[in-house]
Amino acid sequence: MSMKSHSPLENAKLTADKTGTLIGWAKLMPLPVLAAAVVCLQIGAPGHAATAHAPRIPSWYNDPFLLIMFAIFAYGQVSALIQLRVLSHGLKKVKLTLGVLLQARGISLAELQTRLQSLNLTGHLYDLINRSLMFGMKGDTVPLAAMMDHATMRRMKSVDKKVGVHASVNRILLKLGFLGTLIGLIMTFPPMREAILTLDPKNAEKGSSFVEHIAGAIDGDQYAILATLIATALSILIELLTIQVLKRICGTFEMVNGFVDEWSITDLQPWIREQVGGKDDLGKSLMQQQAFQQKMLDLEREFQGRLLELKESSQKHITALYQGSQENWMRLHKDSESMFLKALKDTELRIQETQLGVNKNVDMLGGFVQHIAQKMGDIPPLQLAFAKRMDELLNYERQYRSFLEVQSQISVPRHLKPEIN
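Residue numbers in the sequence shown follow our numbering, run continuously in steps of one, and reach 1037 at the last position.
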């Protein structure tokens, strides 16, 4: 039979049964997966004792690095088993709650709440239905949508937390596989070095042969590849089996809660309004609420009318102010224009007076320059006369010096000779 022909609660009950079947099969997976991982490790990394041409290689359970990888993988599988047991326990609570809701036809909200509280359960669905009934008995169905949204967010966080554990284990295993690859490559360096040294004729007889050292280096490469393969295989098991199965179970669990939310919208809220309407106090409360809402609508319409009147009166007042300010602006413009013309005329007269004074000063400066030019014309004759006088003085000086020189050559007593400076 199709699920569309059932009520939301019946669909929720069918989906819960399907979820229980999935959880039952999933709880059988972790231990076989651990056993399969042990077998693969024993086949891939059995180890061997030391031989004449190869050193001892420990088994995977004696190798600390490989043992850590397996321990982390085992932790993830044990965590998945614990999570599945918790989901199974929560599913039992959901089925009990759905059983009470399916038998709630024809009873009151108070009796339904009493039956739920007699179960003495905890969980997302139980708390959501209990709070919805509590608000419904008070005649308030408004918080139901908000409570359903909050419950959905809590469930999503719980799913993310469950899946996040295995996603972290998956990432750690991949990183450990890469680290094992690096360790294996490092293990190849000493044998390769020894192999290269054996090529020297001086070291040919001091140690093992070139082939033996190369074989040791190959063992290191084998360890690197083996660590990568083991980490990748365990990561694939976690991704395909643990994470995907857990997501599938959580998805079907979420479908159960989705059907209950649908029942809350389609059946519970009308049921609450139907039963609350028959009670005097709650009916009066609802009528008061409706009257309050109508009063708020009337007040809003009155406010809109007052606002429109105020807007029209403000527009008229602004228009009047604009017209009055325009007249004042024209009057001010005329006054400013007359004052500007008067100041312009005064400035023009002052400019004319200044220009006359400048012309007068220019004429005086021109006469002074002409006078100076005339005086400069009288200077050349004076210079000629001065030069002529200087020539006469120089000739007189030369004659006097010649006379003194002649007198000094004449035999004259010393006391009668003139002193020559």
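Every residue, glycine too, gets a C-beta built ideally from N, C-alpha and C.
Nearest-angstrom Cα separation, counted from residue j out to residue i
i     : j     : result
A726  : M753  : 7 Å
D835  : K778  : 40 Å
K991  : A1003 : 19 Å
L705  : V649  : Reading the sequence as shown, one finds His at residue 705 and not Leu. C-alpha separation (whole angstroms): 23 Å.
N627  : G660  : 48 Å
L857  : T814  : 50 Å
G899  : F875  : Confidence at G899 is low in this model, with a pLDDT of 48, below 50, so its placement is unreliable and the value that follows should be read with caution. Using only the alpha carbons, I get a separation of about 30 Å.
K932  : E925  : 11 Å
K927  : K950  : 35 Å
D962  : L981  : 29 Å
H782  : D883  : 39 Å
R721  : L703  : 29 Å
E1008 : V985  : 36 Å
M769  : L744  : 13 Å
G983  : F1019 : 55 Å
N944  : V978  : 50 Å
S1024 : P997  : 41 Å
F681  : Q838  : 15 Å
T970  : K976  : 10 Å
L1064 : L937  : The structure shown does not extend to residue 1064, since the chain spans only 617 to 1037, so no value can be given for it.
V1022 : G993  : 46 Å
G921  : A761  : 35 Å
I995  : I988  : 11 Å
I802  : L790  : 19 Å
P662  : L683  : 13 Å
G780  : A831  : 43 Å
Q909  : S930  : 31 Å
L792  : L798  : 10 Å
M808  : H829  : 6 Å
M763  : A642  : 31 Å
R1017 : L1010 : 11 Å
H622  : S724  : 23 Å
Check whether residue i and residue j have beta carbons under 8 Å apart
i    : j    : result
S748 : S851 : no
N786 : I854 : yes
K629 : L718 : yes
A840 : M685 : no
A833 : A811 : yes
L714 : A843 : no
K709 : Y742 : yes
V694 : P646 : yes
V872 : T635 : yes
H740 : R771 : yes
F689 : A653 : yes
Q699 : L862 : yes
Per DSSP, the bridge partner or partners of residue i
i    : result
I841 : Paired residue(s): none; I841 is not in a bridge.
Three-state secondary structure assigned by DSSP to residue i
i     : result
G899  : Summary for G899: the model assigns pLDDT 48, below 50, so the residue's position carries little reliability; its value from the coordinates is reported in the next sentence. Residue state, collapsed to three classes: helix.
I673  : strand
K643  : coil
L915  : helix
H622  : coil
L815  : coil
L697  : helix
G692  : helix
P662  : coil
L630  : helix
S851  : helix
N736  : coil
G1069 : Residue numbering for the chain in the displayed model covers 617 to 1037; residue 1069 lies beyond these limits and cannot be assessed.
I830  : helix
R721  : coil
D743  : helix
V679  : For clarity, residue 679 is Asp in the given sequence; the question names Val instead. Reduced to three states, the DSSP call for D679 is coil.
S825  : coil
Which listed residue (the options) has its alpha carbon closest to that of residue i
i    : options                : result
S774 : A720, V716, F869       : F869
G640 : L697, K911, D883, V978 : L697
G796 : A783, P806, L845       : L845
D877 : D776, E969, H766       : H766
L712 : K863, P674, M763, L735 : L735
Q885 : S784, M750, I830       : M750
L657 : S930, Q733, A687, Q909 : A687
V716 : R731, S929, I723       : R731
S784 : Y691, T804, R809       : Y691
G867 : I934, E890, D776       : D776
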